[in-house]
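What follows is one structure encoded as structure tokens, with my remarks underneath.
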Amino acid sequence: MKTMAALLGGGWVCSSGFGTLSQAVPAFTVGALPQIQRQDLFAAPDRRFGRMDPFSRLGLTGITLALKDAALDQDVKEVGKRRIALVAETCGGCLETDRDYFATVVPEQGALASPQLFAYTLSNTFLGEVALRFGLTGRAEVLNSTGGNGLCALRHALEWLLTGEETIVVAGLCDVTDWGALAAPGALFLVLTNAEAGDERAGLCLENDALKWGGHPLASVNDLLRLLREGESVDITTLS
Amino acid sequence: MTMMKPVYIVHCAAVTPLGDTLDTTWQALNASRSAIGPLERFATKSYVTSLAATIPVLEARDGSLLYDLLERLLLQLPALPQDCRLLTATTKGPIDLLEQACRTTPSPALTPAMLPEAMTGWLQQRLGLAGEARNINAACASSTAALAQAAASIGAGLADTVLVCCADLVSEFVFSGFSALQALSPAAARPFDPGRQGLTLGEAAASLLLMSEEAVARSGLTPLARLCGWGAANDANHITAPARDGCGLIEAIGQCLARARQPLEAVAAISAHGTGTVYNDAMEITAFRALWGELVPPFNSIKGAVGHTLGAAGGLEAALAVLSLQHAQLPPTVGLQAAEQTVSSMVMSRVQKVGGDLILSTNSGFGGVNAAIAISRVEPLVTGGNA
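Chains A and B are the protein sequences, given in the same order. Take the first sequence: its letters are residues 1 to 240, numbered as in my numbering. Take the second sequence: its letters are residues 1001 to 1387, numbered as in my numbering.
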């Protein structure tokens, strides 16, 4: 069983900044993440952006940049709803938000519990934020893996492409802690679509349970980042 | 849509507030019993209600009530093949560990043991399964999404056997949040009743073991049903409220039936999400009416009996749907006094007959998620010998 995917674009946030894969391939190192402002992503005022917890803002930023890189970042008001799926792997998830929320519960035995914070105590909430902004109606799931290699969401995305459930998937990692495979806080998202064997756009491949990039086996997401930096089959393609 | 190999459900288990097994839960449910009662786990004076459906006498194991719940579930599992993959579904996992830490210290150190995926690692170790195990978080549709993923993996030939385990606890963390959102019902939940006032929380664990035809033949287990269709879609509408037009659920059901290669008319019954909130239930009725018009199949909700079990809801409801097919009956919607007028002949407070071979199970949740799976009777296996 083999399935191949083309990379349409990518977005990232790391301690040294944020951007798209067309601009640069990031290096993830431990450090504080940049303070991202609404203006960095969206031209129009967005009241929700400032209310989001740090995990959701990080994930929304990474995916928005990936969609921009793939020229798929049109607002739902412009293009209506579209079937694009979202899958994110996280290790620490929204645990810091969970702590912040429960800190509103403990003092008065729940009388001052914050409904605003509670809404962000599900690690998939930020995918809802992405979906409603861009009108994305595909599957939207957050994964946690015991594999520890940071490839779980990419594998999941290829499975969705293989089974024909989805034709475009935004897949990647998002963590405000350094507990995950990146060993640093940050986000990395790729926009993937089906590719046929022999298609020169094909970069990512799932073959006999092995994930490969440009024919090179991937043991972890760090292998993928290294190959992307080395420029092995990294053409960002456009939807024709 | 890609052709898929058949996927069989060969074992189901559950621990719920109604019983320590799936069978006892089934019997209590069909006797219209409700496990909703006064909550003693934490003080509730600041909340909208003091009611929930909890499992009696859970004790902390490894610091969390969750692991006692899962131990009870594991007692019921058959031997698993070595190549069995594990998929879990939980929204908050051992959240009581974080609660304990926060009650001790205002800003406690966070540890991986507090994360939802701690449950995944715990189960993997306890079951002695190798390889990567994944937890899926799609809010209250988590376990339906996990079942869909398991079925897709087997159907596409990427796996032979997948165990889906799902669980969530009644915790003050979640209880306080739903109370703050004004989503809890002051009285026991009354799904699909015009007088409904919100949901009642519950807790449960459930598991379903899925296999390919080849794995069934090797295992000696008897298939109970087929998981023949699945679909999921996002409303792209709101992060905590469902789309009023039911667009995501309609798309998920359409995708599910297309995968099953079955028409709408083939659906004999629906195990609905039916949380008992005004908006969720209205959205589901809107979606069902949009799809089936006046001919909506019989449907039910079990949440007036066991509460809303969050990440476990879809798995538990799927396991009960398997029994619904076997017994040709749909359990009552406990708590229902009089159904919404437009569906009054489809949702009942008594047992309904199931006259066909296919049941849909649907769930929706925060983040705009919707998921549907189709479960059908098993046709005789070509390989024979096990059916």
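Where is the CB? At the ideal position from N, CA and C, for every residue including glycine. Fair warning: this is a prediction, and the values are worked out from it, not measured in the lab.
By alpha-carbon positions, which one of the options ends up nearest to residue i?
i	options	result
residue 1012 of chain B	B/1177, B/1354, B/1364, B/1314	B/1314
residue 1351 of chain B	B/1033, B/1010, B/1014, B/1019	B/1033
residue 9 of chain A	A/184, A/21, A/101	A/21
residue 1094 of chain B	B/1287, B/1172, B/1254	B/1172
residue 1317 of chain B	B/1272, B/1368, B/1116, B/1063	B/1272
residue 1312 of chain B	B/1254, B/1202, B/1037, B/1286	B/1202
residue 1036 of chain B	B/1018, B/1048, B/1327	B/1018
residue 1096 of chain B	B/1119, B/1089, B/1124, B/1063	B/1063
residue 150 of chain A	A/60, A/4, A/119, A/87	A/87
residue 196 of chain A	A/216, A/204, A/63	A/204
residue 189 of chain A	A/65, A/135, A/110, A/102	A/65
residue 114 of chain A	A/100, A/227, A/55, A/84	A/100
residue 970 of chain B	B/1041, B/1342, B/1328, B/1258	It is not possible to answer for residue 970 of chain B, since the shown part of chain B is limited to 1001 through 1387.
residue 1162 of chain B	B/1178, B/1174, B/1135, B/1182	B/1135
residue 146 of chain A	B/1154, B/1117, B/1144, B/1007	B/1117
residue 58 of chain A	A/123, A/13, A/106	A/13
residue 1259 of chain B	A/96, A/52, A/165, A/231	A/165
residue 1391 of chain B	B/1268, B/1016, B/1284	Outside the shown range of chain B, which is 1001 to 1387, sits residue 1391 of chain B, and nothing can be said about it.
residue 1305 of chain B	B/1180, B/1031, B/1014	B/1031
residue 1368 of chain B	B/1296, B/1223, B/1249, B/1337	B/1249
Give the secondary structure of residue i by DSSP, where H, G and I count as helix, E and B as strand, and everything else as coil.
i	result
residue 3 of chain A	strand
residue 1038 of chain B	strand
residue 1226 of chain B	strand
residue 1064 of chain B	strand
residue 1299 of chain B	strand
residue 56 of chain A	helix
residue 189 of chain A	strand
residue 1366 of chain B	helix
residue 1012 of chain B	strand
residue 1375 of chain B	strand
residue 1202 of chain B	strand
residue 28 of chain A	coil
residue 91 of chain A	coil
residue 1090 of chain B	coil
residue 1167 of chain B	strand
residue 1045 of chain B	coil
residue 1273 of chain B	coil
residue 1053 of chain B	strand
residue 18 of chain A	strand
residue 1211 of chain B	strand
residue 239 of chain A	The pLDDT assigned to residue 239 of chain A is 40, lower than 50, so where the model puts this residue is not dependable; a value taken from the coordinates is nonetheless given after this. Of the three classes helix, strand and coil, the one that applies to residue 239 of chain A here is coil, per DSSP.
residue 77 of chain A	helix
Using DSSP's beta-bridge definition, name the partner residues of residue i.
i	result
residue 213 of chain A	A/204, A/216
residue 1085 of chain B	B/1162
residue 1134 of chain B	A/145, B/1087
residue 194 of chain A	A/5
residue 173 of chain A	A/89, A/188
residue 1140 of chain B	B/1138
residue 1361 of chain B	B/1271, B/1373
Should residue i be counted as a contact of the ligand SAH given a C-beta to heavy atom distance under 7 Å?
i	result
residue 1379 of chain B	As presented, the structure is devoid of all ligands, the ligand SAH included, so that no description of it is given.
Counting Cβ pairs, one atom from each stretch, are 3 or more of them under 8 Å apart for the segment 1091-1101 of chain B and the segment 1147-1166 of chain B?
Short answer: they don't touch.
Members of the segment 1118-1148 of chain B near chain A, C-beta cut-off 7 Å:
Listed in sequence order: 1120, 1121, 1124, 1132, 1133, 1134, 1135, 1136, 1137, 1138, 1139, 1145.
Contact list for the segment 158-180 of chain A against chain B, Cβ threshold 9 Å
Listed in chain order, the positions of the segment 158-180 of chain A with a beta carbon within less than 9 Å of a beta carbon of chain B are 159, 160, 162, 163, 164, 165, 177, 179.
For the segment 1227-1253 of chain B, which residues have a CB atom closer than 7 Å to at least one CB atom of chain A, in sequence order?
Along the segment 1227-1253 of chain B, the positions whose C-beta sits under 7 Å from a C-beta of chain A are 1232, 1233, 1234, 1236, 1237, 1238, 1239, 1240, 1248, 1251, read in chain order.
For the segment 120-137 of chain A, enumerate the residues whose C-beta is nearer than 7 Å to any C-beta of chain B, in chain order.
So the list reads 121, 122, 123, 124, 125, 127, 128, 129, 131, 132, 135, 136, 137, given in the order they occur along the chain.
Could you run through the segment 1162-1178 of chain B and flag, in chain order, every residue whose CB is less than 9 Å away from some CB of chain A?
Per Cβ criterion, the list reads 1172, 1173, 1174, 1175, 1176, 1177, 1178.
Which residues, taken in chain order from the segment 137-153 of chain A, show a beta carbon closer than 7 Å to some beta carbon of chain B?
Cβ contacts with chain B: 137, 138, 139, 140, 141, 142, 143, 144, 145, 146, 147, 152.
Any 3 or more C-beta pairs closer than 8 Å across the segment 1188-1203 of chain B and the segment 1331-1342 of chain B:
Output reads yes: the segment 1331-1342 of chain B touches the segment 1188-1203 of chain B.
If we count Cβ pairs, one from each stretch, closer than 8 Å, do we get three or more for the segment 1233-1247 of chain B versus the segment 126-141 of chain A?
Yes: at least three Cβ pairs fall under 8 Å.
Check whether the segment 1179-1186 of chain B and the segment 1198-1216 of chain B touch, using three or more Cβ-Cβ pairs below 8 Å as the test.
As far as the Cβ criterion goes, the segment 1179-1186 of chain B touches the segment 1198-1216 of chain B, which means the pair count is three or higher.
Using a beta-carbon distance cut-off of less than 7 Å, what residues from the segment 1345-1378 of chain B approach chain A?
Interface annotation for the segment 1345-1378 of chain B against chain A: 1366, 1367, 1368, 1369, criterion Cβ-Cβ distance under 7 Å.
Using a Cβ distance threshold of 8 Å, determine whether the segment 1050-1058 of chain B contacts the segment 1159-1177 of chain B, with at least three qualifying pairs required.
Because the criterion of three Cβ pairs below 8 Å is met, the segment 1050-1058 of chain B and the segment 1159-1177 of chain B touch.
Is the segment 179-189 of chain A touching the segment 23-38 of chain A, taking contact as three or more C-beta pairs under 8 Å?
Contact check between the segment 179-189 of chain A and the segment 23-38 of chain A: three or more CB pairs, one atom from each, fall below 8 Å, which counts as touching.
Count Cβ pairs between the segment 1120-1137 of chain B and the segment 1076-1088 of chain B that sit closer than 8 Å; are there 3 or more?
Because the criterion of three Cβ pairs below 8 Å is met, the segment 1120-1137 of chain B and the segment 1076-1088 of chain B touch.
Does the count of Cβ pairs from the segment 1206-1221 of chain B and the segment 1366-1373 of chain B closer than 8 Å reach three?
No, they do not touch.
Give the residues from the segment 95-119 of chain A that approach chain B closer than 8 Å (Cβ to any Cβ), ordered along the chain.
Against chain B - using a Cβ distance shorter than 8 Å - the residues of the segment 95-119 of chain A are 95, 96, 98, 99, 101, 102, 103, 105, 106, 108, 109, 110, 111, 113, 114, 115, 118, 119.
Residues in the segment 64-76 of chain A with C-beta within 9 Å of chain B's C-beta atoms, listed in sequence order?
Taking 9 Å as the Cβ-Cβ cut-off against chain B, the residues of the segment 64-76 of chain A that qualify are 76.
Under 8 Å: do the segment 63-73 of chain A and the segment 145-158 of chain A share three or more Cβ pairs, one atom per stretch?
With fewer than three CB-CB distances shorter than 8 Å, the segment 63-73 of chain A does not count as touching the segment 145-158 of chain A.
Give me the subset of the segment 1034-1067 of chain B whose CB atoms are less than 9 Å from a CB atom of chain A, sorted by chain position.
Within the segment 1034-1067 of chain B, the qualifying residues are 1042, 1043, 1044, 1045, 1046, 1047.
Is it a yes or a no for the segment 1293-1308 of chain B touching the segment 1238-1253 of chain B, going by three-plus beta-carbon pairs under 8 Å?
The segment 1293-1308 of chain B is not in contact with the segment 1238-1253 of chain B.
Please name the residues in the segment 184-209 of chain A whose beta-carbon is closer than 9 Å to at least one beta-carbon of chain B, in chain order.
Listed in sequence order: 206, 209.
Report yes or no: do the segment 1274-1292 of chain B and the segment 1002-1010 of chain B share at least 3 C-beta pairs separated by less than 8 Å?
By the criterion of at least three beta-carbon pairs nearer than 8 Å, the segment 1274-1292 of chain B is not in contact with the segment 1002-1010 of chain B.
Looking at chain A, which residues of the segment 1255-1273 of chain B have a Cβ within less than 9 Å of any of its Cβ atoms?
Those would be 1255, 1259, in chain order.
Chain A contacts from the segment 1107-1118 of chain B (Cβ-Cβ distance under 8 Å)
Within the segment 1107-1118 of chain B, the qualifying residues are 1107, 1108, 1110, 1112, 1114, 1115, 1116, 1117.
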